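**Student:**
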Amino acid sequence: MTDMIERKSDPYNAEPTPGALIERFLTPQALFYVRSHGAVPDLPADHRIEVSGTGMASRSFSVEELKRTFATRTVTAVLQCAGNRRTDLQQVAKTSGDPWDVGAIGNAEWTGVRLADVLDAVGAPDASDLFVAFTGADEVDVEGEEALFGVSIAMSKARQPDVLLVWAMNGEPLTPEHGAPLRMVVPGYAGVRSAKWLTRIEVRDMPSDAPIQAHDYKLFPADVTSDTVDWSRGLTINAMPLNAAICVPGSGESLPAGEVRIEGYAIAYDRRVSRVEVSVNGGREWQQATFADDPETHWGWRRWTLDATLAKGRQHLVVRAFDGAGQGQPERPDTMWNFAGYLCTAWHHVHVLVE
Ligand SMILES: Nc1nc2c(c(=O)[nH]1)N[C@H]1C(S)=C(S)[C@@H](COP(=O)(O)O)O[C@H]1N2
Ligand SMILES: [Mo]
C-alpha cells in the first residue's frame with residue numbers, strides 16, 4: 001500500500017504517510033499503523049479466550065460466546081505507540097527502537113464487550129491491589145528473551161467501562177495484523193497494553209512477568225543506557241501524555257507561496273485538548289488553530305487546521321497544544337531524551353521550502 005511507510009519488514013511494522021493519516025477523523029484499518037513484535041499468528045475462527053486467576057474458576061469463551069453473552073459497546077479512541085515521534089528523539093542522540101515519525105497513532109471506533117463485564121461473569125475479585133494480565137498468541141523476542149506477548153494493567157483501569165475486548169474496528173472485522181479475531185483496547189494507555197491476538201486473561205496479584213511488561217516500555221532518565229538499565233526501576237508507561245503533530249504540509253515538502261492550510265492532530269486523553277497553537281516563524285509568534293473535530297469522548301483525537309500565508313524561502317512551522325488544565329508541551333526534545341526513545345511530546349517542527 002503506497003500510503004504506508006514500512007519501518008520493519010519482518011515482522012511487518014508500518015505507519016501511514018502523515019497526509020493520509022490526517023484525512024479522516026476515523027483512521028481506516030488499511031491506514032492504521034501496525035506495530036507487531038513477532039509474526040502475525042494464524043488463529044481459527046473458533047479460537048477460545050481463557051479467563052482465569054487467583055481465587056476464581058477458570059472459564060473460556062469463543063468470540064461468538066462473548067457476543068451472545070455480553071452487551072456490545074463501541075468506543076472511539078486513539079491508539080498510540082509509546083514510540084510515536086521517536087525520530088525527534090533520535091535527532092538528539094541515538095536510541096533503540098524503530099524510527100517512527102508522527103504516524104504511530106490512529107483514531108478508530110472499536111466494538112466489543114467490556115472487560116469489566118467479563119471479569120464480573122467469572123467472579124473476579126475487585127480488589128485495587130490486583131492486576132489483569134493479557135497474553136497474545138504471538139512469540140516475541142525482547143533482547144534475546146523469547147516468550148509469548150504478555151502485558152498487564154491494574155484492576156482499577158481494567159474495570160473502567162471503556163476498556164474492551166474488541167472484534168471490530170470502524171464497523172469492520174479486525175484484520176489479522178490488527179489482532180483478529182480478538183484484541184484488547186485500553187483507551188488512554190500506551191498501545192502496548194492493548195494486546196492483539198488475545199488468548200488469555202489472568203487476574204494476578206503481581207503485574208505480568210512477560211518480558212514485554214517487565215523489560216520493555218519503561219521510561220528512564222537520560223543518564224540510564226541499555227547497558228546500565230535496571231528494568232525494575234523504570235516507570236511503566238501506561239497513561240499517555242499530551243501530544244500534537246503537524247501532518248500537512250509534510251517535513252521537507254516544497255510548496256507554492258501564498259495561502260496554505262496547515263493540518264494536524266492533538267490528543268490529551270482524560271484532560272481533553274483545549275487549545276492548539278501554530279507558529280509559521282519557528283516559534284517567535286503563535287496563532288490559534290481551529291478544531292476540525294469535537295469528539296464525544298475524550299479518548300478521541302482532535303484534528304486541527306490553520307490557514308496561513310507563507311512567504312518564499314525556507315519556512316519553519318511549529319505546533320504546541322494545551323490540555324484542559326492549561327498545561328502545555330515541553331519545548332525541546334533534549335529535555336525528555338531516553339535511551340529507548342519513548343514518549344516524545346516536545347513541540348513538533350516541520351521545515352518546508354516555499355517557492
Ligand atoms: N499480541 C501482541 N499485541 C500487541 C503487540 C504485539 O506485538 N503483539 N504490539 C503492541 C503495541 S507496542 C502497539 S503500539 C499496538 C499496536 O496495535 P496495531 O498494530 O493494531 O496498531 O499493539 C500492541 N499489542
Ligand atoms: Mo507500541
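When we follow the working numbering, the leftmost residue of the sequence shown carries the number 1, and every step to the right adds one.
Just so it is clear, CB atoms sit at the ideal spot from N, CA and C, and this is done for glycine as well.
Note that the structure is predicted; figures quoted are calculated from it, not measured.
Which two residues bound the contiguous beta strand (DSSP E) that contains residue 4?
**Tutor:** Segment 4-8, the beta strand (DSSP E) holding residue 4.
**Student:** So residue 15 and residue 97 are supposed to be a Cβ contact under 8 Å. How far apart are they, rounded?
**Tutor:** Actually they do not touch by this definition, with Cβ atoms about 13 Å apart.
**Student:** What do you reckon, are the CB atoms on residue 292 and residue 305 nearer than 7 Å?
**Tutor:** Against a cut-off of 7 Å, the Cβ pair of residue 305 and residue 292 comes out as a contact.
**Student:** What do you get for residue 259, buried or exposed, if any count of 16 or more other CB atoms within 10 angstroms of its CB means buried?
**Tutor:** Counting Cβ neighbours within 10 Å, residue 259 comes out exposed, since fewer than 16 surround it.
**Student:** Is it the case that the CB of residue 191 approaches a heavy atom of ligand 1 more closely than 6 Å?
**Tutor:** It does: the Cβ of residue 191 is within 6 Å (strictly closer) of some heavy atom of ligand 1.
**Student:** Would you report the Cα separation of residue 8 and residue 2, rounded to the nearest angstrom?
**Tutor:** The alpha-carbon atoms of residue 8 and residue 2 are separated by roughly 15 Å.
**Student:** Consider the C-beta atom of residue 81 and the heavy atoms of ligand 2; say whether any pair is separated by less than 6 Å.
**Tutor:** Within the cutoff, so yes.
**Student:** Who pairs with residue 184 in a beta bridge, going by DSSP?
**Tutor:** DSSP, once it has assigned bridges, lists 165 as partnering residue 184.
**Student:** Does the Cβ-Cβ distance between residue 328 and residue 269 come in under 7 Å?
**Tutor:** Against a cut-off of 7 Å, the Cβ pair of residue 269 and residue 328 comes out as no contact.
**Student:** Under the three-state reduction of DSSP, which class applies to residue 306: helix, strand or coil?
**Tutor:** Residue 306 falls in the strand class under three-state DSSP.
**Student:** Look at the alpha carbon of residue 252 and the alpha carbon of residue 325, and state the distance between them as a whole number of angstroms.
**Tutor:** Approximately 34 Å between the Cα atoms of the pair.
**Student:** Does DSSP put residue 254 in a helix, in a strand, or in coil?
**Tutor:** Strand at residue 254.
**Student:** Counting along the chain, where does the alpha helix (DSSP H) carrying residue 155 start and finish?
**Tutor:** Here the alpha helix (DSSP H) through residue 155 covers 155-158.
**Student:** Where are the alpha helix (DSSP H) runs, 4 residues long or more, that stay fully inside the stretch 34-103, in chain order?
**Tutor:** Counting only runs of 4 or more, we get 63-69 and 86-90.
**Student:** Pick from 100, 337, 101 and 131: whose alpha carbon is nearest that of residue 115?
**Tutor:** The residue with the shortest Cα to Cα distance from residue 115 is 131.
**Student:** DSSP on residue 191, reduced to helix/strand/coil?
**Tutor:** Three-state result, residue 191: helix.
**Student:** Note down the Cα distance separating residue 219 from residue 85, rounded to an integer number of angstroms.
**Tutor:** Looking at the two C-alpha atoms, the distance is approximately 15 Å.
**Student:** Distance, Cα to Cα, residue 281 vs residue 226?
**Tutor:** If I take the Cα positions, the gap works out to 37 Å.
**Student:** Looking only at C-alpha atoms, which of 241, 337 and 125 sits nearest to residue 52?
**Tutor:** Ranking 241, 337 and 125 by Cα distance to residue 52 puts 125 first.
**Student:** Any idea what DSSP makes of residue 152, helix, strand or coil?
**Tutor:** Correct three-state label for residue 152: strand.
**Student:** Have a look at 56, 4, 88 and 30 and flag the residue whose alpha-carbon is nearest the alpha-carbon of residue 341.
**Tutor:** Out of 56, 4, 88 and 30, 88 has the C-alpha closest to the C-alpha of residue 341.
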